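Enquirer: For the sequence shown, my numbering begins at 14 and goes up steadily by one.
Pasting a structure here, questions to come.
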Amino acid sequence: MINERVPVVERILGANERLAADNRARLDEAGVFSLNFLASPGAGKTSLVEQTVSRLAGQLRLAVIDGDIATSLDADRAAAAGATAVQINTGGDCHLDAVMLQGALDVLDLSAIDLLIVENVGNLVCPANFALGTHRSVLVASVPEGDDKPYKYPGAYRGVDALVINKVDLLPYVDFDMEYFQRGAAALNPGLATFPLSCRTGEGLDQWLEWVTNMTRHFKTTRGM
Ligand code: MG
Ligand code: ZN
C-alpha cells in the first residue's frame with residue numbers, strides 16, 4: 014500500500030509546482046515583487062510584517078497575505094500597519110500551498126501593489142516543501158528558539174534567500190551562541206543574506222529594510238517599471 018501512496022504524493026507536489034508557476038507569472042506580469050516569510054510559531058513574522066509595512070508604506074505599495082490555521086489576528090495587524098491585507102485560514106493545514114495563494118491573489122488588485130509579503134503558517138517543516146510562486150523566501154528565526162535550529166531543520170534553512178534573526182535584544186538573557194547558529198546556517202546555505210535585528214527595539218531593522226527595498230526596486234527596474 015505504501016508503494017501506491019508515493020505516486021499520489023508526487024502528483025500533488027507536481028500539481029502544486031505548476032500552480033506556483035502560474036502564480037509567479039501573474040505576479041511577474043503585474044510587477045509585484047513577493048516574499049514568503051517562513052518561521053516557527055512565535056518567532057516574530059507578524060512583528061516583522063508590521064515593522065516592514067509601517068516603515069516602507071511611504072515608498073512602496075504593500076500588501077500582505079497571512080496564512081494561519083485560524084483567526085484573522087495577523088491580517089488585522091498588517092492592515093493596521095498600513096498594508097492591504099488578506100487572511101487565509103487553512104482550516105487545520107499546517108502550511109500554505111499554491112492553490113491557497115492563488116485564491117488570495119484573486120481578491121487583490123495586483124496592479125496597485127509593489128511588494129507582497131506572504132506570511133506562511135508558523136511551522137519549520139512542510140512550508141519549505143510547498144512552492145507558492147513567490148520570488149524570494151525569508152526565514153525568520155529568533156533568539157529564544159535556540160541556536161540549534163539550523164541543525165534540526167536543515168530543509169527550511171537550505172531553501173531560503175534571506176535569514177532574519179529576530180529578538181537580538183534578548184541575547185543577554187538567553188543561551189544563544191550566535192557564532193554556532195550562523196555556522197549551522199552557513200553550512201546549509203553559504204552566503205545567505207543574514208539580518209540580526211529586533212522588531213521590539215528597532216536595532217538592525219535599517220539593513221533589513223534596505224535589502225527589501227533594493228530587491229523590490231531591482232525587480233521592477235529589470236521589468237522596465
Ligand atoms: Mg503571525
Ligand atoms: Zn504542512
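Don't be surprised by glycine CBs; every beta carbon is placed ideally from N, CA and C.
Being a predicted model, the structure only gives us computed values, none of them experimental.
1. Give the DSSP bridge partners of D81, in chain order.
2. What residue range does the beta strand (DSSP E) around T207 cover?
3. Can you name the residues that DSSP bridges to R149?
4. Determine the extent of the alpha helix (DSSP H) in which E63 is found, giving its start and end residues.
5. Hey, L48 and R149 are a contact pair by Cβ (cut 8 Å); roughly how many whole angstroms apart?
6. Going by beta-carbon coordinates alone, are A111 and L145 separated by less than 7 Å?
7. Hey, could you find the ends of the alpha helix (DSSP H) L118 is sitting in?
8. Which term fits G140, buried or exposed, when burial requires 16 or more other beta carbons within 10 angstroms of its beta carbon?
9. My understanding is that V134 touches L109, with C-beta atoms under 8 Å, so please give their C-beta distance in whole angstroms.
10. I'd like the list of long-range same chain contacts for V225, defined as Cβ closer than 8 Å, with 5 residues on each side in sequence excluded.
11. Do the segment 184-194 and the segment 153-167 make contact, defined as three or more Cβ pairs closer than 8 Å?
12. For I178, which beta-bridge partners are listed by DSSP?
Expert: Quick answer:
1. The beta-bridge partner set that DSSP reports for D81 consists of N102.
2. Counting along the chain, the unbroken beta strand (DSSP E) around T207 starts and ends at A206 to P209.
3. L48
4. K58 to L69
5. 5 Å
6. Result yes, Cβ atoms of A111 and L145 sit closer than 7 Å.
7. A111 to D119
8. Residue identity check: residue 140 is Pro in the sequence provided, not Gly. With 16 or more other Cβ atoms from the protein chains shown falling within 10 Å of its own Cβ, P140 counts as buried.
9. 6 Å
10. L48, T65, L69 and L128
11. yes
12. A154 and P209
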